[in-house]
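Asks:
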Amino acid sequence: MIRKLLLALSSATLALCACAEARPEPDNVTTPQSAEPNATTTTEPAPAEINSPGEGYRAGGNEPFWQVRFIGSEMLFEDIGMERTARAPRPVPEVASNGWRYVASAGDRPFIVAVERRFCQDSMSARPFPHSVTVTANGSVFEGCGGDTASLLTGGEWSVAAIGGQPVARGSGPTMLFGADGSIGGDSTCNRYTASYEIAGDGGLAIGPAGGTERACAEPALNDQEARFYAALPRADRFDIAENGRLRLYAMDEVILEARR
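Just so we're on the same page, our numbering is the position in the sequence shown counted from 1, plus 23.
1) By DSSP's criteria, Ser120 is part of a beta bridge. Which residues make up the other side?
2) Per DSSP, Leu228 is paired with what?
3) Where Ile279 and Trp181 are concerned, what is the direct C-alpha to C-alpha distance, given to the nearest angstrom?
4) For Thr172, which three-state DSSP category applies?
5) Would you report the Cα separation of Ala218 and Val164, rounded to the nearest angstrom?
6) Using the Cβ count rule (16 or more neighbours within 10 Å means buried), how would you classify Ser155?
7) Using DSSP with H/G/I as helix, E/B as strand and the rest coil, what is Glu101?
8) Relative to the C-alpha of Ala244, which candidate in Gly208, Gln189 and Ile264 has its C-alpha closest?
9) Can you tell me the Cβ-Cβ gap for Ile222 and Ala173, rounded? I've got them flagged as a contact below 8 Å.
10) Beta strand (DSSP E) containing Arg81: first to last residue?
11) Should the stretch 196–207 be regarded as contacting the stretch 132–139, the criterion being three or more beta carbon pairs within less than 8 Å?
12) Quick check: the Cα distance between Val118 and Glu139, rounded to an integer number of angstroms?
13) Hey, would you say Val136 sits closer than 8 Å to Met98, going by beta carbons?
14) Note down, in chain order, each residue of its chain lying with its Cβ closer than 7 Å to the Cβ of Asp225, except the 5 sequence neighbours on either side.
15) Buried or exposed for Asp276, going by 16 or more other Cβ atoms inside 10 Å?
16) Throw me the rounded Cβ distance for the Gly179 and Phe152 pair, which I believe falls under 8 Å.
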């Protein structure tokens, strides 16, 4: 009898030990982290830096003559007439309402370059630029233009709205796609064409003769429209962007082509 009782107690003890060993850990127990280093991650540019002017950017103005350049990681201002300069590390730009502000200091004076995405023309040559720029340096404020003139033309296809002041036929307007490589092409009305263009130092525009397919249009009026478009292209000698965003090509002071996006 005593032997049976001891065997029963021994079996119960083993069962309790087994239950204790199988009991799950509490939820709040922290599992040790691996000592392996984290995978390398790519740092994304700050929102303010996206599409903002960077290395190689240049702006300038007249009377007094000045220029500001982004060289490497610095920005350099030169007041050409007074032979004064200001130099500072180029900071991450602040996002403004329609552009960016680079706020720094040169010595004990503010050095600020404010770039606004607003069409600007050089006050002497009338060369067009995509940005209006205001620089605060050496205790003075300077206003001028900046950016790449060609960027006003490139970046998307233009649909011609009028040729020589005459609206194009609905649904049949020529198109112009300016490439960064100096090429231009698109639809002439009933055909495809290609040509080349060049922007001169003073902002003047030259477009070479166009070549392309030679399919006849279905209507005489469209043939006439295409002929007028081809005749207008090589006459262009400058361009600007109107307040409504339209591209205007000029021959002397006459608007010969007007296009929109």
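Backbone N, C-alpha and C fix where the C-beta goes; we use that ideal spot for every residue, glycine too.
Replies: With the structure as the only source:
1) None; Ser120 has no bridge partner.
2) Ile222
3) 15 Å
4) helix
5) 42 Å
6) buried
7) strand
8) Gln189
9) 6 Å
10) Arg81 to Gly84
11) no
12) 10 Å
13) yes
14) Ser148 and Arg150
15) exposed
16) Not a contact, Cβ separation roughly 18 Å.
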